[in-house]
Amino acid sequence: MKKQKNYPLKPSKKDVKGIDAIKNRIDKNTINRGEVERSKERKIESEQYQEVIIKRTDETFRHADDILQLAIHEGKSQIERPILGLFLSSVAAGMIIGFSVLAVAVMASILGSLDGINRVLVALVYPLGFMLCILSRTQLFTEHTATAVYPLLDGRASISGVLKLWSTVILGNLSGGFIIAILLNGAESVIHARDGYLLIASHVLAFDSASLFVSAILAGWLMAIGAWTILSTHSTSSQILCIFLATFLIGIGGLHHSIAGSVELFVGYLMSPNINITTITPVIAVILLGNAIGGSVFVAMLNYGHIRGLNK
Numbered sequence: 001m002k003k004q005k006n007y008p009l010k011p012s013k014k015d016v017k018g019i020d021a022i023k024n025r026i027d028k029n030t031i032n033r034g035e036v037e038r039s040k041e042r043k044i045e046s047e048q049y050q051e052v053i054i055k056r057t058d059e060t061f062r063h064a065d066d067i068l069q070l071a072i073h074e075g076k077s078q079i080e081r082p083i084l085g086l087f088l089s090s091v092a093a094g095m096i097i098g099f100s101v102l103a104v105a106v107m108a109s110i111l112g113s114l115d116g117i118n119r120v121l122v123a124l125v126y127p128l129g130f131m132l133c134i135l136s137r138t139q140l141f142t143e144h145t146a147t148a149v150y151p152l153l154d155g156r157a158s159i160s161g162v163l164k165l166w167s168t169v170i171l172g173n174l175s176g177g178f179i180i181a182i183l184l185n186g187a188e189s190v191i192h193a194r195d196g197y198l199l200i201a202s203h204v205l206a207f208d209s210a211s212l213f214v215s216a217i218l219a220g221w222l223m224a225i226g227a228w229t230i231l232s233t234h235s236t237s238s239q240i241l242c243i244f245l246a247t248f249l250i251g252i253g254g255l256h257h258s259i260a261g262s263v264e265l266f267v268g269y270l271m272s273p274n275i276n277i278t279t280i281t282p283v284i285a286v287i288l289l290g291n292a293i294g295g296s297v298f299v300a301m302l303n304y305g306h307i308r309g310l311n312k
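Okay, structure coming up:
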């Protein structure tokens, strides 16, 4: 008796469709479970991490309110800074500004006068010490006249805090200015700029108090604008340009900057018997007052007023 071979049954089309449907359901269930798991992971990540929008800072334009916020933060941090550190930084700034005086005196000695085209040439070298001072992040009074006022206007600082900052920075700047004046006087045999020092010192002393006061207001205004525009920029080259524009205008206008002018007067006092402390002290006081008003009123109050104060 012959044995029959058992051949595998060929599935019908109906069975194939059923098998495919089962596979599709399995695949969909697997995908759905994966999506559910991933959505849970995304939810956990969103709770644990903060979303950040990254953009190229060198191609972005900083809004005025953002600049104001930076200025408030900068002013508040300086007001809260320990006095000793603030004072030492201010001394360094006063000394660094002396290099502007050095550059102007050398140029004035070469040219022999401050008239005509000579005035432009002297103004071109005037910003050098300011660039070094501001980029080194030392504390210069005219740079912080407006900056210290922003947190005061925003209710984040007190008047006593602002006055403490101003007095500490002024004292440090003048101390540093006198130190660099001593050094410049001691190096005169190398620099050979005595005539230039006396020329620019006599320029500071040639005006009455009213003229000095108005000139100092304009200089303080320009310095505070320079500090504001520095906060609006991102690159160092842009900051250098902002410093140059503000201080070049001060130089070419012959306007009076309290700290640079003090160094000029200190060097003149050390080099000439005709210049004494009783003469230069009231001049420095008038210029300091004018710089403070120019920076705090014409820049800080106006900026805060049109950006935030009127929108509250």
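Residue 1 is where the sequence shown starts when you use this note's numbering, and the numbers rise one by one after that.
All C-beta atoms, glycine included, are put in the ideal place defined by N, C-alpha and C.
{"Item": "From the DSSP output, in three-state form, read off THR274 for me.", "Value": "Note that residue 274 is Asn in the sequence shown, not Thr. Coil."}
{"Item": "Is it the case that the Cβ atoms of ILE79 and ALA157 are separated by a distance below 8 Å?", "Value": "yes"}
{"Item": "Let me know if HIS63 comes out buried or exposed under the rule of 16 or more other beta-carbons within 10 Å of its beta-carbon.", "Value": "exposed"}
{"Item": "How long is the line joining the alpha carbons of ILE191 and SER209, rounded to whole angstroms?", "Value": "32 Å"}
{"Item": "By alpha-carbon positions, which one of ASN303, GLY161, TYR150, GLY85 ends up nearest to HIS326?", "Value": "With the chain covering only 1 through 312, there is no way to say anything about residue 326."}
{"Item": "Helix, strand or coil for ASP154? Go by DSSP, reduced to three states.", "Value": "coil"}
{"Item": "For ALA260 and ALA219, what's the separation of their Cα atoms in angstroms?", "Value": "11 Å"}
{"Item": "Would you identify the three-state DSSP class for GLU80, choosing helix, strand or coil?", "Value": "coil"}
{"Item": "Rounding to the nearest angstrom, what Cα-Cα distance links GLY85 and HIS203 in this structure?", "Value": "34 Å"}
{"Item": "Please classify GLY254: does DSSP put it in a helix, a strand, or coil?", "Value": "coil"}
{"Item": "Pick out whichever of GLY290, LEU111, SER237, GLY226 has its Cα sitting closest to the Cα of ILE243.", "Value": "GLY226"}
{"Item": "Going straight from the alpha carbon of ASN291 to that of VAL91, what length do you get?", "Value": "19 Å"}
{"Item": "Using the C-alpha atoms, what's the distance from GLY176 back to SER211?", "Value": "26 Å"}
{"Item": "Indicate whether LEU111 and ASN303 have their beta-carbon atoms separated by less than 8 Å.", "Value": "no"}
{"Item": "If we ignore side chains and look at the alpha-carbon of each, how far apart do TRP228 and ILE159 end up?", "Value": "21 Å"}
{"Item": "Are ALA246 and LEU231 touching if we call contact CB-CB under 8 Å?", "Value": "no"}
{"Item": "Closest to THR147 by CA distance: which of LEU70, ILE307, VAL106, PHE87 is it?", "Value": "LEU70"}
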